[in-house]
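Colleague: Protein chains in written order, with the working numbering: chain L, 459 to 814; chain H, 2 to 330. All C-beta atoms, glycine included, are put in the ideal place defined by N, C-alpha and C.
#1: Within its chain, find whatever has a CB closer than 6 Å to the CB of residue 466 (chain L); leave out the 5 residues flanking it on each side and keep chain order.
#2: Rank H:255, H:292, H:318 and H:129 by C-alpha distance to the C-alpha of residue 151 (chain H) and give the top, closest one.
#3: Residue 243 (chain H): which of H:253, H:313 and H:295 sits nearest, CA to CA?
#4: Using 8 Å as the limit for Cβ to Cβ distance, is residue 704 (chain L) near chain H?
#5: If we count Cβ pairs, one from each stretch, closer than 8 Å, do we get three or more for the region 653-667 of chain L versus the region 628-639 of chain L?
#6: What residue from L:498, L:611, L:592 and L:727 has the CA that sits closest to residue 835 (chain L)'s CA?
#7: Just the C-alpha distance for residue 774 (chain L) and residue 204 (chain H), rounded to the nearest angstrom, thanks.
#8: When DSSP builds the beta bridges, which residues end up paired with residue 3 (chain H)?
#9: Quick check: is the beta carbon of residue 255 (chain H) nearer than 8 Å to any beta carbon in chain L?
#10: In this structure, does DSSP put residue 33 (chain H) in helix, strand or coil?
#11: To test your reading of the DSSP string, which unbroken beta strand (DSSP E) runs of 3 or more residues are found completely within the region 56-118 of chain H?
#12: DSSP state of residue 9 (chain H), grouped into three classes?
#13: For residue 492 (chain L) and residue 756 (chain L), I'd like the C-alpha separation in whole angstroms.
#14: Excluding the 5 residues flanking residue 496 (chain L) on each side, which residues of the same chain have their C-beta closer than 7 Å to its C-beta?
#15: How many Å lie between residue 21 (chain H) and residue 229 (chain H) at the Cα?
#16: Expressed to the nearest angstrom, what Euclidean distance is found between the alpha-carbon atoms of residue 71 (chain H) and residue 37 (chain H)?
#17: What does the alpha-carbon distance come out to for the pair residue 670 (chain L) and residue 188 (chain H)?
#18: Assign residue 699 (chain L) to one of three DSSP states: helix, strand, or coil.
#19: Apply the 10 Å Cβ neighbour rule to residue 143 (chain H) and answer buried if 16 or more other Cβ atoms are within range, or exposed otherwise.
#20: Rounded to the nearest angstrom, how far is the Cβ of residue 643 (chain L) from that of residue 582 (chain L), given a contact under 8 Å?
#21: Whole angstroms are fine: how far does the CA of residue 126 (chain H) sit from the CA of residue 156 (chain H)?
#22: Counting only runs of 4+ residues fully inside the region 175-239 of chain H, write out the alpha helix (DSSP H) ranges in chain order.
#23: Counting only C-beta atoms, is residue 143 (chain H) closer than 8 Å to chain L at any point?
#24: Give every residue of the same chain whose Cβ lies closer than 6 Å to the Cβ of residue 29 (chain H), excluding the five residues on either side of it in the sequence, and list them in chain order.
#25: Identify which residue in L:508, L:609, L:541 and L:672 has its Cα closest to the Cα of residue 470 (chain L).
#26: Between residue 13 (chain H) and residue 220 (chain H), how many whole angstroms is the CB-CB distance? I'm expecting something under 8 Å.
#27: Around the C-beta of residue 531 (chain L), are 16 or more other C-beta atoms found within 10 angstroms, so that it is buried, or is it exposed?
#28: Let me know if residue 227 (chain H) comes out buried or exposed under the rule of 16 or more other beta-carbons within 10 Å of its beta-carbon.
#29: Using a C-beta to C-beta distance shorter than 8 Å, which residues of chain H count as neighbours of residue 685 (chain L)?
#30: Under 8 Å Cβ to Cβ from residue 751 (chain L), same chain only, skipping five residues before and after it: list those, please.
#31: Using the Cα positions of residue 797 (chain L) and residue 549 (chain L), report the straight-line distance between them to the nearest angstrom.
#32: Quickly, what does DSSP pair residue 499 (chain L) with across the bridge? List them, please.
#33: Have a look at residue 718 (chain L) and residue 570 (chain L) and give me their C-alpha separation to the nearest angstrom.
#34: Using 7 Å as the cut-off, classify the Cβ of residue 317 (chain H) as near or not near the heavy atoms of the ligand PLP, replying yes or no.
#35: Please name the residue in H:163, H:262 and H:190 whose C-alpha comes closest to that of residue 109 (chain H).
#36: Can the beta-carbon of residue 709 (chain L) be found less than 8 Å from the beta-carbon of residue 785 (chain L)?
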């Protein structure tokens with residue numbers, strides 16, 4: 459039996475500290491390196507957005523934060539340190555009752571508002587009750603009062619909704635119910651996976667406004683994963699870009715959107731049309747994401763990168779400090795990118811339109 | 002066309018599309034946008050001749066498609082092609098790209114032997130950017146990415162020299178990073194083959210990009226509520242519903258998106274298609290609602306001075322777009 463190692467300390471303003479996290483999926487073709495050496499801090503009350511294409515590892519990483527990964531996934535290294543009220547714990551070492559305790563009461567997850575996030579044969583009240591009981595809240599009257607409060611907070615009528623079955627609710631209502639349910643045990647962290655995908659525009663808007671209101675009211679920290687950059691622009695304080703399983707850029711929201719320094723972040727931002735303002739110079743990223751079983755040598759983005767030089771093919775760069783202390787990018791060409799993008803506060807596609 | 006389509010359900014009859022009139026020009030890029038349940042897909046399926054209108058007509062070269070037969074009907078079928086949303090479901094998984102693309106060529110007697118077919122398929126693949134074509138001929142759908150599959154679907158639609166391609170949410174399921182290239186491909190094909198492309202999408206930003214030199218039709222509960230150039234519909238919406246959509250949409254620009262003016266709707270609830278509100282179906286939610294008018298009379302789609310059409314009593318009377326009347330301009 460290995461000796462239990464002491465849990466390292468976490469900066470006081472952080473609520474979660476992910477360090478060098480790596481996750482593989484075992485497959486017949488060999489290990490899929492879904493997450494590689496991911497590190498980041500989540501501060502108390504902060505909203506962090508994780509963006510990237512499908513296959514970038516963002517969902518695998520997020521699900522692992524509450525250890526809900528499928529059995530074929532294995533954390534091969536790293537720590538997920540949660541700074542609770544009394545002590546700091548390493549989530550990767552939790553099991554049994556401690557893990558249950560951590561999930562939901564410390565860290566809750568809201569999945570896409572699909573029907574399969576619910577048990578289809580029990581009504582919403584019973585879903586609330588189930589969740590509460592599973593986490594030791596046994597007084598029915600207490601659960602009733604709390605779920606009523608939460609549903610009102612998400613602008614739903616408890617008398618109507620609690621009696622309803624999941625299929626009787628619209629997509630937007632289901633998403634609200636899931637958000638309310640995630641807050642049942644007052645978690646310090648809420649993780650949201652594509653919270654507005656598949657919802658209509660007006661419903662998306664109401665969910666975004668709701669999340670903003672709840673965050674101000676309750677003060678929890680939020681991590682959300684989305685391929686929708688506009689959601690990050692709306693809600694995030696900081697943004698992390700993931701590519702091929704690893705973090706390629708971390709920055710404050712305005713730095714990410716107006717002054718990205720990694721060519722992949724630039725590529726993503728340039729691929730999204732807007733409704734208001736100038737369209738700018740839009741284009742897609744060429745090529746496809748790499749095979750995570752057989753990653754390219756050197757920088758994993760080099761086969762698709764318009765700024766590639768020979769040195770990019772030699773070794774994968776570290777996260778290099780750029781511009782401000784809060785901003786880093788895994789790119790040896792970041793200065794070149796900075797010259798092209800500049801420092802002004804305008805969308806990337808607009809800036810590139812001026813240049814060409 | 003001028004069509005209505007109702008569906009019978011256990012709960013009653015649903016009018017999914019109610020009196021939609023649309024005339025498509027040659028080599029036009031037009032988008033139908035709207036939220037789920039607005040009837041945009043049903044309209045697309047009627048355009049493609051896959052659904053028979055309950056009332057109204059679908060005219061192709063001035064002939065009612067649903068009364069034509071034989072050769073003429075076959076010609077319509079060839080002339081209007083559909084590209085589906087889900088490239089994972091719309092390609093036969095046990096057929097190679099060559100098999101998928103050569104089948105319509107043989108069927109419509111565009112080629113007669115294998116050699117001719119390989120040549121034609123190679124050319125199609127090149128046209129949709131799947132190069133080198135030889136690498137793709139023998140691939141099965143599962144060996145392709147979502148974007149590549151959608152290119153195969155587009156190639157299949159192109160294989161029979163269509164006049165109109167109806168693309169229903171054709172870019173919604175592919176990654177954000179490659180949507181623009183698919184839209185560009187469709188636009189390039191429109192220019193090259195003078196084909197009209199109807200893109201159906203829920204994404205207003207995609208619609209704006211795609212139809213930047215074309216038209217956008219905004220649909221709400223089975224009706225077209227605004228139809229006009231992309232620049233006007235998105236830049237200065239005339240219908241209060243379009244104005245609400247433009248104001249609500251989050252944008253990938255933090256300063257802009259956090260300071261956008263909102264349109265406050267009177268209700269967040271979308272009425273059921275089984276119990277549509279009287280008069281203008283948007284009236285229970287509309288910020289410009291006028292009692293005795295909007296809840297009584299159904300607004301027609303009428304032209305306003307700037308050249309577009311809008312189905313709103315107030316905007317037409319005031320001769321001003323709703324965006325201006327609400328104050329979100």
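Modeller: Let me lay it out:
#1: Answer for residue 466 (chain L): no residue qualifies.
#2: Of the candidates H:255, H:292, H:318 and H:129, the one whose C-alpha sits nearest the C-alpha of residue 151 (chain H) is H:129.
#3: In this structure, H:313 is the residue among H:253, H:313 and H:295 with its C-alpha nearest to the C-alpha of residue 243 (chain H).
#4: Put simply, the CB of residue 704 (chain L) is far from chain H, with every gap to its CB atoms at 8 Å or more.
#5: Yes, the region 653-667 of chain L is in contact with the region 628-639 of chain L.
#6: The requested residue 835 (chain L) does not occur in the structure, where chain L is confined to residues 459 to 814.
#7: Near 37 Å, if we compare the C-alpha coordinates of residue 204 (chain H) and residue 774 (chain L).
#8: According to DSSP, residue 3 (chain H) bridges with H:22 and H:58.
#9: Taking CB atoms only, residue 255 (chain H) has a neighbour in chain L less than 8 Å away.
#10: Strand.
#11: Runs of the beta strand (DSSP E) inside the region 56-118 of chain H: 56-58 and 81-84.
#12: Here residue 9 (chain H) sits in strand by DSSP.
#13: Distance between the alpha carbons of residue 492 (chain L) and residue 756 (chain L): 17 Å.
#14: These residues qualify, in order along the chain: 476, 479, 519, 704 and 705.
#15: Near 15 Å, if we compare the C-alpha coordinates of residue 229 (chain H) and residue 21 (chain H).
#16: If I take the Cα positions, the gap works out to 36 Å.
#17: Annotation: residue 670 (chain L) to residue 188 (chain H) spans about 38 Å, alpha carbon to alpha carbon.
#18: Look at residue 699 (chain L) here: in three-state DSSP terms it is strand.
#19: Label assigned to residue 143 (chain H): exposed.
#20: With a Cβ gap of about 17 Å, residue 643 (chain L) and residue 582 (chain L) do not count as contacting.
#21: Cα to Cα, the separation comes out at about 7 Å.
#22: DSSP runs (the alpha helix (DSSP H)) wholly in the region 175-239 of chain H: 177-194, 205-211 and 231-236.
#23: At a cut-off of 8 Å between beta-carbon atoms, residue 143 (chain H) makes no contact with chain L.
#24: Counting only Cβ-Cβ distances below 6 Å, and skipping sequence neighbours, we find 197 and 215.
#25: Checking every option, the nearest Cα to that of residue 470 (chain L) belongs to L:541.
#26: About 21 Å; that fails the 8 Å criterion.
#27: With 16 or more other Cβ atoms from the protein chains shown falling within 10 Å of its own Cβ, residue 531 (chain L) counts as buried.
#28: Buried, by the Cβ-count rule.
#29: Going along chain H in sequence order, the residues near residue 685 (chain L) (Cβ under 8 Å) are 176 and 177.
#30: If we look at residue 751 (chain L) and ignore the five residues flanking it on each side, its Cβ neighbours are 485, 487, 488, 489, 490 and 491.
#31: As the crow flies, the alpha-carbon of residue 797 (chain L) is around 41 Å from that of residue 549 (chain L).
#32: Answer is L:475, bridged to residue 499 (chain L).
#33: Rounded to the nearest angstrom, the two C-alpha atoms are 28 Å apart.
#34: Only the bare structure without any ligand can be found here, which leaves the ligand PLP out of the picture.
#35: Comparing Cα-Cα distances from residue 109 (chain H) to each of H:163, H:262 and H:190, the minimum goes to H:163.
#36: Remark: C-beta atoms of residue 709 (chain L) and residue 785 (chain L) approach each other more closely than 8 Å.
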